[in-house]
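If you read the sequences in order, they're chains A and B.
First residue of the first sequence: 767, per the working numbering; consecutive thereafter.
First residue of the second sequence: 1447, per the working numbering; consecutive thereafter.
Take a look at the structure set out below.
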Amino acid sequence: MVTQSILIMYVVGALLGLISGFVMHRSDYCMAGMFRDLFMFRKTFRLRALGLQIVLTMIAFEVFRLLGLLPLYPFPILGTPSLANIMGGFLFGIGMVLAGGCVVGTLYKMGAGSLLSACAFVGLLLGSGIYAEIHPWWKAVIKQTTFFADYLTLSQLTGLSPVFFVLVVTVVTLPIFLKWRGQHQWEIKSRVAGYLQPWKTGVVLAGVGLFSYLLIGMPLGITTVYAKMAAMLENVFSPGHVAGLAFFQGKPLDVIHPASGTLLVGGAGPLVDYLWVIQFPLVVGIVLGSTLSALLLGEFKIYWRLPARQFLITLVGGTLLGLASRMVPGCNVWHLMGGLPIFALQSILFLFGLLPGVWVGSRLLSRLLLVKSST
Amino acid sequence: MTDQAAKLIEIDTRGQVCPSTLLVALDNMNRYQEDLYSGKMKLLIRTDNRDATTTIPDTAENMGYEIEVRQQDGFYEILISRPE
């Protein structure tokens, strides 16, 4: 009955964020890095942990759905699949590699003192704000490229129960996971204090996602509040312009939470609404959880003297990331840790766009970073 | 004896965007491979990137180098030297 009280929602969100930020910092659980390393260094060590997290989340969501504890299924805000999910995912992939972190990696790195991630964060707000300007045009693109207007998930599309898909994925992945265990591929030799093996963070984050879904009615999401923050800032300088933008009037969140009967309504507009109550404490929690972890390890330190080029790269990357988050719509946390586990069609398409995007981003970034040392 | 004469190349990637540390480290390990293997040079990397403290040693060890990781005040030093 968390949604009965706004105060409890703030506390729960902040706690989930604190836990996430803390463990992500310990493992350097960077999703941008996971996908980038696959292409740049042919390394899959950390990506495996994400695979484990997704499969665990999938099983957990299905078990709790069958128990009747997830009445909002598929969860709110999720939309119908369109080409926009792929195109947005592609830009998102480029953006997150250049930004040096995804929409949540940027938060925990910023929390640990990274100035460049703070720069990427500014880009995230900027990109989210820019989206509001192109929203009417992009909305038309989404409408024209929608594949199935009535289906949100693979099970709705095929008429098969989600149990079927969960079983298939489990049967396919379990032997692989066990094989990796036999080969000791889940753990890596660490040379630093306080290192948490990434698979453990994957398990914790699967738990955090489940709690979020059970308590608030949807898995973790954070990027709409970036657009909201952008709107709030813009509203200080140009309220008339903000009021005239259709994107800031929309209410993608509009659902009655069955457990409490509370009407949860919210959008990207510059107001404190339920979307703010759900996402903002999470954002603050992640940053502070990471700061706490870094302080405890004696690692919190801000470095100011950095190559100017890298400020530009992370700012552009962050802007692309913010823009793409709204174009998809949704981010990697929402789609990979929430949507993919319930076989949301949008999330599957997002992944299809994300991979080539990361590949392009990786090639770009290696060039941009190594140019200097050869001159 | 070669240790005394070894020239130390210092690289500072503290605060830089990922994966600068690993990229620059690899670049230098390849560029100075001969001198590193013969013991004429050593490579000292300063980084605040937690991930780099596992990826660089792993890669360097695979290439046969000796590795030492030390925590300093708010950052890490990774020393790469010739194989024992």
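C-beta atoms are modelled at their ideal positions from N, C-alpha and C, and glycine is treated no differently.
Just checking: is the beta-carbon of residue i within a distance shorter than 9 Å of some beta-carbon in chain B?
{"i": "A:Lys1017", "result": "no"}
{"i": "A:Asp916", "result": "no"}
{"i": "A:Cys868", "result": "no"}
{"i": "A:Glu899", "result": "no"}
{"i": "A:Trp1070", "result": "yes"}
{"i": "A:Glu1065", "result": "yes"}
{"i": "A:Gly879", "result": "yes"}
{"i": "A:Lys955", "result": "yes"}
Do you know how far the Cα of residue j is from the Cα of residue i?
{"i": "A:Val869", "j": "A:Gly1032", "result": "20 Å"}
{"i": "A:Ser1139", "j": "B:Met1509", "result": "Bear in mind that a pLDDT of 47 at A:Ser1139, under 50, signals an unreliable position, so the number given afterwards is only what the model happens to contain. Those two C-alpha atoms are separated by around 22 Å."}
{"i": "A:Glu953", "j": "A:Gly787", "result": "21 Å"}
{"i": "A:Pro1107", "j": "B:Gln1479", "result": "46 Å"}
{"i": "A:Val778", "j": "A:Gln1045", "result": "11 Å"}
{"i": "A:Ser880", "j": "A:Gly834", "result": "43 Å"}
{"i": "B:Arg1528", "j": "B:Ile1455", "result": "13 Å"}
{"i": "A:Tyr1069", "j": "B:Asn1495", "result": "12 Å"}
{"i": "A:Thr924", "j": "A:Phe1116", "result": "19 Å"}
{"i": "A:Val958", "j": "A:Phe914", "result": "49 Å"}
{"i": "A:Leu818", "j": "A:Phe1066", "result": "29 Å"}
{"i": "B:Tyr1522", "j": "A:Met800", "result": "22 Å"}
{"i": "A:Tyr1135", "j": "A:Leu816", "result": "In the sequence as displayed, the identity of residue 1135 of chain A is Leu instead of Tyr. Their Cα atoms are separated by approximately 26 Å."}
{"i": "A:Val907", "j": "A:Val1082", "result": "24 Å"}
Would you call the CB atoms of residue i and residue j closer than 9 Å?
{"i": "A:Gly1122", "j": "A:Gly983", "result": "With the sequence shown as reference, residue 1122 of chain A is identified as Pro, and Gly is not the correct amino acid for it. Taking 9 Å as the Cβ cut-off, A:Pro1122 and A:Gly983 do not qualify as a contacting pair."}
{"i": "A:Leu1072", "j": "A:Val929", "result": "no"}
{"i": "A:Phe858", "j": "A:Val1008", "result": "no"}
{"i": "B:Ile1457", "j": "B:Leu1490", "result": "yes"}
{"i": "B:Ala1506", "j": "B:Pro1465", "result": "no"}
{"i": "A:Tyr795", "j": "A:Arg812", "result": "yes"}
{"i": "A:Pro985", "j": "A:Thr823", "result": "yes"}
{"i": "A:Ser1091", "j": "A:Gly854", "result": "yes"}
{"i": "A:Leu882", "j": "A:Thr1080", "result": "yes"}
{"i": "A:Ala1149", "j": "A:Ala972", "result": "Nothing can be reported for residue 1149 of chain A: it is not among the residues displayed for chain A, which extend from 767 to 1141."}
{"i": "A:Lys909", "j": "A:Ala1012", "result": "no"}
Answer with yes or no whether the minimum CB distance from residue i to chain A is below 9 Å.
{"i": "B:Ser1466", "result": "yes"}
{"i": "B:Tyr1511", "result": "no"}
{"i": "B:Asp1481", "result": "no"}
{"i": "B:Pro1503", "result": "yes"}
{"i": "B:Leu1469", "result": "yes"}
Starting from the C-beta of residue i, find all residues in its chain whose C-beta is less than 8 Å away, skip the five residues before and the five after it, and write them out in chain order.
{"i": "B:Lys1453", "result": "Asp1481, Lys1486, Met1487, Lys1488"}
{"i": "A:Trp1042", "result": "Val991, Lys994, Gly1032"}
{"i": "A:Phe830", "result": "Leu836, Leu976, Tyr979, Leu980"}
Within a Cβ cutoff of 6 Å, which residues of the same chain sit near residue i, ignoring the five residues on either side of it in sequence?
{"i": "A:Phe1077", "result": "Cys885"}
{"i": "A:Gly1084", "result": "Ala865, Ala886, Gly889, Leu890"}
{"i": "A:Leu873", "result": "Ile1052, Val1053"}
{"i": "A:Asp803", "result": "Lys809"}
{"i": "B:Thr1467", "result": "Thr1459, Thr1493, Asn1495, Ala1498"}
{"i": "A:Tyr897", "result": "Leu1089, Arg1092"}
Apart from the five residues just before and just after residue i, which ones in its own chain have a Cβ nearer than 7 Å to its Cβ?
{"i": "A:Met1156", "result": "The displayed coordinates of chain A run from 767 to 1141. Any statement about residue 1156 of chain A would go beyond what the structure contains."}
{"i": "A:Leu782", "result": "Val974, Phe977, Ser978, Leu1048, Gly1051"}
{"i": "B:Val1470", "result": "Ile1457, Thr1459"}
{"i": "A:Val932", "result": "Met824, Ile825, Glu828"}
{"i": "A:Leu918", "result": "Pro840, Leu844, Thr846, Ala1110, Leu1111"}
Every unbroken alpha helix (DSSP H) inside the region 847 to 929 of chain A [4 residues or more]: 849 to 865, 871 to 877, 881 to 910, 920 to 924
Ranges of the alpha helix (DSSP H) found wholly within the region 1461 to 1494 of chain B, counting only runs of at least 4: 1466 to 1477, 1479 to 1484
Continuous alpha helix (DSSP H) assignments of at least 4 residues falling wholly in the region 984 to 1037 of chain A: Complete alpha helix (DSSP H) runs here, min 4: 989 to 1003, 1005 to 1010.
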